[in-house]
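Number of protein chains: 2
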Amino acid sequence: MSQAHPKQQNPAHADWQIEAGGAAASIAATSVERVPISIAYGDGIGPEIMTATLAILTAAGARLAPERIEIGEQVYLSGNTSGITNESWSSLRRTKIFLKAPVTTPSGGGYKSLNVTVRKTLGLYANVRPCISYAPFVDTLHPKMDIVIVRENEEDLYAGIEHRQTDEVFQCLKLITRPGCEKIVRHAFEYARSHGRRKVTCMVKDNIMKMTDGLFYSVYEEIGLEYPEIQKERYIIDIGAARIATQPERFDVIVTPNLYGDIISDVAAEMTGSIGLAGSANIGEHVAMFEAIHGSAPDIAGQNIANPSGLLLAAVMMLIHIRQAPIAERIHNAWLRTLEDGCHTADLKGERSTEVLGSAEFAQAVIARLGQEPRHFAAVRYLNPAEKTGPAKPLYTRRAPARKEMIGVDVFVHSPDNSPDFLAGRLTTLSTPTLKLQMITNRGVKVWPNGFPETFCTDHWRCRFVAAPGASIQHSDIIALLARVTEGHVDVIKTENLCTFDGENGFALGQGQ
Amino acid sequence: MSQAHPKQQNPAHADWQIEAGGAAASIAATSVERVPISIAYGDGIGPEIMTATLAILTAAGARLAPERIEIGEQVYLSGNTSGITNESWSSLRRTKIFLKAPVTTPSGGGYKSLNVTVRKTLGLYANVRPCISYAPFVDTLHPKMDIVIVRENEEDLYAGIEHRQTDEVFQCLKLITRPGCEKIVRHAFEYARSHGRRKVTCMVKDNIMKMTDGLFYSVYEEIGLEYPEIQKERYIIDIGAARIATQPERFDVIVTPNLYGDIISDVAAEMTGSIGLAGSANIGEHVAMFEAIHGSAPDIAGQNIANPSGLLLAAVMMLIHIRQAPIAERIHNAWLRTLEDGCHTADLKGERSTEVLGSAEFAQAVIARLGQEPRHFAAVRYLNPAEKTGPAKPLYTRRAPARKEMIGVDVFVHSPDNSPDFLAGRLTTLSTPTLKLQMITNRGVKVWPNGFPETFCTDHWRCRFVAAPGASIQHSDIIALLARVTEGHVDVIKTENLCTFDGENGFALGQGQ
């Protein structure tokens, strides 16, 4: 009878529950103290769905001590460009748990994304987004989707480090770090293990970005060894995204860097048929934030018609995080039953609807079903995460430094002159005793020596200077080179040192080199 | 009756044909000389599908003088890491037209992607990929797809410029250039105009990458003004990809940077139900390459079961490019009719199949239908592109240089010490009379001054030094700073100059700045 059933609901999970100590033990271990959390009512439909969600949390017996904080539109408009007050920061840093309704960023320049600011400032490294189909109650072409996307949340191109370097060329830095990769990959495997998931798929583009995405994948392989019961799988992101779009039932947990995760988590969420039902967690070492994935929908605000389900399911994730899994389970099952019973908000109105309810009435419908379980879907079963001793291994490991030697430098030059040979001639005469010109690339393609006249050249040249084979250089050698080049009236725009780490080259070759 | 019908087949196109001079005039203008092209039989199923394709081209009266060139597996294995011989390069540079069967890149390190090498060396800036559903003859959940993705093909993260900078941090450069954007955007609009398409959608992530993706979008807006009859539309790539995955019928032509295009073109192709039917063009200023989007499928090679349709439809694009549109039209319509008649290769075997044919027999089935038109689908109508006077405006414009002033420098530092305040203290004492420390970020987040202890820090610090407000600096000021910092035993890994262009900042602020 059941079509869509989150994998944590499978009967096979009984094994896992026993391994983890059993549900009873878990419930017994739960604290009865009220847990302080920061809550923000947000903008647009935010207040309505927060009110509805809190009503359900309270009725279900969640032990919470909410602190209301101010963020969003009014804070922005008061002249605070980050949209969050100092008092709100203090609350977040004190409670470490944030249940957040959607906010509106005013249009016009200068206002920064509150989400990006909160994520990065508080180190919320993992964005966890379950994308689950609820057919036949929610229309979708993909009735068997049950994917959890674990997206790296702090680094990659989202570091926001951009420079205009020449008249023609703009640059953004993509940064991928070993601790960043370790944290997200370990989080994905821990999530899979604690939620009884079977497989963690890694999606990268390491055939092209061999160093950055290569690092992500090698960390995935390395940490994956510690989770022998979890199936591993790798996709190049383009093919992986295509498979998600056509055969989402093939996937379980997916772990991926920030940009790819941004794209595929929107793809997967929309494929479920409604982005109004999805919650997400942003997990950090210190703080965690829980929110719906949809926006503040100002066009329908204040009408009591918004669907509170996204925020409610985010709150369910929060309850598990703060070790109130039995309450989370109670709410989630009542919500599934409400959906099955055809008690729908206007966005889900359809053949299966028996009643079309307002936000507040929908909350009452869920409350009325607390203690009931779904009949079409399998019931969810949640366990509290392990006590805060952390995972078996630390989230990341700081390593002893590698033996690093500098062996050259890429000097980037702004030159509107379109001839690589002419530039090479000038730079060759400007070489120093320790650093000689080895090659010039334009947008990564080698144009000197032995370039092709068909290669299109911008005004942005990467000029690689290297020491003699086997020799290493000092910072002073690079400074001497820069001084020579500058005397020669060459317009340097940036440098990238070339280093070896434990004897291995820390740089890619030029295309065509 | 017709369900899927490429937009160039709509009756409304009659107007456009008349505007362009009418099909008859176009045919009359066609040269009768044979056009030299380079062809590569490739690896795996390559030879079979090339043979089938050439048979159809010949039977249809295509005026071609093919030169066979060697590329791929055997060339790689002979020790040539780029997989293409010098003789092949010469042929490509002479004929300027390349019809290419899929190749196999041997596994094991050191072999470079032939496609990337050819694209970048020959400046093939535009990847054009039609993604069309052929329901009910090909199963798909999206029977009304008819999208053409125009993907920038040379720059973005695919420049392959990667550096390991510290023990923990790896970097890849994303480069977006004004001429690169102008070329691809103009190509997309010209394609839309010459194929009777109604809309060009731009997909970027300029809410995050305001400078690089911002440039792409501003060029799109600027050039779009010259095409008033074409509808414009912008999507943030994550939401855009989600819409493609759920409502592909909303889109017509899509133009997007390299990485996004890589992802969405695979998504769209797979959603059509078969990647075996799609051809693609890689267009440069000098040379153009045409190929199937699928790979060499060595597992089914030599069995005469491969579907030659992808390469055939690539050849159709080639024929239009070389101004043999009437032949292209004749082949494409015969191919559609073959599909409708149920003459299918094994990959398409299904309810609608009347015969399951081998590669060679499928070619004969198409040949037998030359001169016929489809009955279910609308017939395609192709016109030769305008004579080689080029589009109304040049593909890109080199501009007068902006007034560029240096006002500071971002110095990136490798320091395993986890304290931004300590680093700031050291760097402050190392500042020079012209350049003072303004801020430090870690992975883009401001950590000094006034950082938060929760911010996770790697060993990679971006230290922004700026001149006094209104003052500008010289290269020698940066060199003096680097000398001071080096004397202070700070390990500099790279620099990025901070410039203004015509008074506008050419750099982004730090997150939290």
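These protein sequence lines are chains B and U, in that order. Under the numbering used here, the first residue of the first sequence is numbered 1, with each subsequent residue one higher. Under the numbering used here, the first residue of the second sequence is numbered 514, with each subsequent residue one higher. Where is the CB? At the ideal position from N, CA and C, for every residue including glycine. Nothing here was measured: the structure is a model prediction, and the numbers come from that model.
Say whether chain B places a C-beta atom closer than 8 Å to the C-beta of Y748/U. By this cut-off, Y748/U is not an interface position.
Write down the C-beta distance between R119/B and T256/B rounded to the nearest angstrom, noting that I regard them as a contact closer than 8 Å. Rounded, the Cβ-Cβ distance is 16 Å, inconsistent with contact.
Per DSSP, the bridge partner or partners of F875/U: Paired residues: none, contrary to the question.
Go through its chain and collect everything with a Cβ distance to I263/B's Cβ below 7 Å, but skip five positions before and after it. Around I263/B: A241.
Using CA coordinates, which residue listed in G983/U, I645/U, L950/U, K609/U is at the minimum distance from L577/U? L577/U has its Cα closest to that of K609/U, out of G983/U, I645/U, L950/U, K609/U.
Short Cβ contact (8 Å threshold) for V616/U with E586/U: Contact: yes.
Cutoff 7 Å; reference Y260/B; Cβ partners in own chain excluding five residues on either side: These residues qualify, in order along the chain: M203, I237.
Compute the minimum distance between the beta carbon of I749/U and the heavy atoms of the ligand MG, and state whether it is under 7 Å. In terms of ligand content, the structure shown is empty, and the ligand MG therefore cannot be addressed.
The alpha helix (DSSP H) spanning A315/B covers which residue range? A315/B: member of the alpha helix (DSSP H) spanning 309-321, first to last residue.
For N593/U, which beta-bridge partners are listed by DSSP? Residue pairing for N593/U: DSSP places it in no beta bridge.
In whole angstroms, what separates the C-alpha of L339/B from that of I147/B? For L339/B and I147/B, the distance between alpha carbons rounds to 20 Å.
Identified DSSP bridge partners for G279/B: Its beta-bridge partners are A292/B.
Along the region 110-126 of chain B, what residues have a CB closer than 8 Å to any CB found in chain U? Going along the region 110-126 of chain B in chain order, one finds K112, S113, V116, T117, K120, T121, L122, G123, Y125 with a Cβ nearer than 8 Å to chain U.
Candidates P887/U, A805/U, R888/U, of which the one nearest G789/U by Cα: For the options P887/U, A805/U, R888/U, the alpha carbon positioned closest to that of G789/U is the one of A805/U.
Taking only three categories from DSSP, how would you classify Q303/B? Correct three-state label for Q303/B: coil.
Whole-number beta carbon distance between H460/B and V169/B, since they are thought to touch under 8 Å: Between V169/B and H460/B the beta-carbon gap is near 4 Å, inside 8 Å, which marks them as a contact.
Short-range partners of chain B found in the region 676-697 of chain U, where Cβ spacing is below 7 Å: Against chain B - using a Cβ distance shorter than 7 Å - the residues of the region 676-697 of chain U are H676, R677, D680, E681, V682, F683, Q684, C685, L686, K687, L688, I689, T690, R691, P692.
With burial defined as no fewer than 16 other Cβ atoms inside 10 Å of the residue's Cβ, what is the status of F935/U: buried or exposed? With fewer than 16 other Cβ atoms within 10 Å, it is exposed.
With a threshold of 8 Å, are at least 3 pairs of Cβ atoms found where one atom belongs to the region 916-926 of chain U and the other to the region 1004-1017 of chain U? Short answer: they touch.
Thinking C-alpha only, which one of K404/B, R186/B, A334/B, S194/B is nearest H376/B? Minimum Cα-Cα distance from H376/B among the listed residues K404/B, R186/B, A334/B, S194/B corresponds to A334/B.
Just to confirm the assignment, what range does the beta strand (DSSP E) spanning L688/U have? Counting along the chain, the beta strand (DSSP E) containing L688/U begins and ends at 682-690.
For H332/B, which residues from the same chain have a beta carbon less than 8 Å from its beta carbon, with the 5 sequence-adjacent residues on both sides left out? If we look at H332/B and ignore the five residues flanking it on each side, its Cβ neighbours are L313, V316, V380, Y382.
Considering only residues of the same chain and omitting the five flanking positions on each side of H799/U, which have a CB-CB separation below 7 Å? The beta carbon of H799/U sits closer than 7 Å to those of K609, L635, G636, all from its chain and outside the five residues before and after it, given in chain order.
Along the chain, where does the alpha helix (DSSP H) containing G1016/U start, and where does it finish? First-last for G1016/U: undefined, no H or E at that position.
I want to verify the contact list: residues of chain U whose CB lies under 7 Å from the CB of M271/B, in sequence order. Result: A758, T759.
Are the region 969-986 of chain U and the region 941-958 of chain U touching, with three or more C-beta to C-beta distances below 8 Å? Of all C-beta pairs linking the region 969-986 of chain U to the region 941-958 of chain U, three or more are shorter than 8 Å, placing the two stretches in contact.
Which stretch, first to last residue, makes up the beta strand (DSSP E) that contains I552/U? Unbroken beta strand (DSSP E) run through I552/U: 548-553.
Output, in chain order, the set of chain U residues within a Cβ distance shorter than 7 Å of F251/B. Those do not exist, as F251/B stays about 14 Å from chain U at its closest Cβ, beyond 7 Å.
Which residues of chain U have a Cβ atom closer than 8 Å to the Cβ of F465/B, listed in chain order? What F465/B touches in chain U: nothing, since even the nearest Cβ is about 14 Å away.
May I ask you to list the residues that DSSP assigns as paired with M203/B? Bridge partners of M203/B: Y235/B.
Contact set between L1029/U and chain B, taken where Cβ atoms lie within less than 9 Å: Any property of residue 1029/U remains undetermined from this structure, which presents chain U solely from 514 to 1026.
P782/U to S866/U span [Cα, whole Å]: A small fix is needed here, since residue 782/U is Ala in this sequence, not Pro. In a straight line, the C-alpha of A782/U is about 22 Å away from that of S866/U.
Our contact map puts L861/U next to S787/U with C-beta atoms below 8 Å; I'd like the distance itself, whole angstroms only. Confirmed, about 7 Å.
Would you identify the three-state DSSP class for I697/U, choosing helix, strand or coil? I697/U sits in a helix when the DSSP states are folded into three classes.
Assuming R763/U and I743/U are in contact, meaning their beta carbons sit under 8 Å apart, how far apart are those beta carbons, in whole angstroms? Contact between R763/U and I743/U does not hold, since their C-beta atoms are separated by about 16 Å, which reaches or exceeds 8 Å.
Jot down the residue ranges of each uninterrupted beta strand (DSSP E) in the region 903-977 of chain U, minimum 3 residues, whole runs only, in chain order. Runs of the beta strand (DSSP E) inside the region 903-977 of chain U: 917-927, 949-955, 958-961.
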